[in-house]
Amino acid sequence: MWHYAWAHFCYHVVHGLPKPNQYRMRILIWIIGFALLPPQFLVLYNPQSVRYCKYDLFSLLVVSIVLTMFSIGFSIIFTATEPINPFIVYAFMPFSFVCFLHTAILAVFTFLSPDCFKTVYYLYQCSYYMSIFSMVTTGFYIIVMPFWLVNYTLFVKQKNEQVQQDFQEIKRKFPYFCPVIS
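Right under this line is the structure:
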């Protein structure tokens, strides 16, 4: 879930700043974003990482690298464009679900395989710290989600009230063109 959190954090950090400061923050975020990949590749190319482990932590590392690349892509799109295309936002929603599934599977596999600590030390350590960080970010989003839902329902309610007011205004101004609107 930290992949989702990274792109989400980047969006809010950059768009919360004044326009003149956004450019410097974009560059800093892109540098930090690309710095997330080398540690994972170091573990991936370590010869010990392909040794036997009861749970397949190696495949989860590959999935994490792919999700990190998507996260970097989303963070670049979110920080470089304004306004953001709704299709990108709709693509970001399934990405969050995939990140949640990856977090759940990674945490379960990592905590069920403490014996892999001896055979694949670096891979286990990488999986362990990624699962801890992912669970912390998942907990954060579980705490924040009720506030998002309340905010969204209030937004929809305000939108519906505004639409009804607009219809009443149109009906008042043009009664002959709007006989159907009650």
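Just so you know, we're using the numbering used here here: the sequence shown kicks off at 168 and counts up by one. Idealized CB from N, CA, C, for every residue including glycine. Predicted, not measured: the structure shown is a model, and the values here were computed from it.
For residue i, the first and last residue of its enclosing alpha helix (DSSP H)
i, result
"Arg-191", "186 to 202"
"Lys-285", "283 to 286"
Reduced DSSP category for residue i - H, G, I as helix; E, B as strand; rest coil
i, result
"Pro-261", "helix"
"Asn-252", "coil"
"Gly-183", "coil"
"Cys-220", "coil"
"Ser-350", "Because the chain here runs from 168 to 349, residue 350 falls outside it and cannot be looked at."
"Ser-349", "In this predicted model, Ser-349 has a pLDDT of only 48, less than 50, meaning its place in the structure is not dependable; the value taken from the coordinates is given anyway. Ser-349 falls in the coil class under three-state DSSP."
"Thr-213", "Note that residue 213 corresponds to Asn in the displayed sequence, not to Thr. Coil."
"Met-168", "coil"
Distance between beta carbons of residue j and residue i, contact taken as under 8 Å
i, j, result
"Thr-246", "Cys-293", "Actually they do not touch by this definition, with Cβ atoms about 27 Å apart."
"Arg-273", "Ser-301", "Per the sequence presented here, residue 273 reads as Leu, with Arg not at that position. Confirmed, about 7 Å."
"Met-192", "Val-181", "5 Å"
"Phe-262", "Phe-237", "6 Å"
"Phe-241", "Ala-174", "4 Å"
"Tyr-288", "Gln-215", "6 Å"
Closest residue to residue i among the options (Cα-Cα distance)
i, options, result
"Thr-277", "Ala-258, Ser-298 and Met-260", "Ser-298"
"Asn-213", "Ile-310, Leu-184, Pro-313 and Thr-286", "Thr-286"
"Val-275", "Glu-336, Val-217, Pro-185 and Tyr-222", "Tyr-222"
"Ile-243", "Met-312, Leu-228 and Ile-199", "Ile-199"
Under 9 Å between C-beta atoms of residue i and residue j
i, j, result
"Leu-224", "Leu-290", "yes"
"Leu-203", "Ile-239", "yes"
"Val-170", "Cys-283", "In the sequence on display, residue 170 carries His and not Val. No, the pair does not count as a contact, with Cβ atoms beyond the cut-off."
"Leu-211", "Ile-232", "yes"
"Thr-270", "Thr-235", "no"
"Leu-184", "Gln-207", "no"
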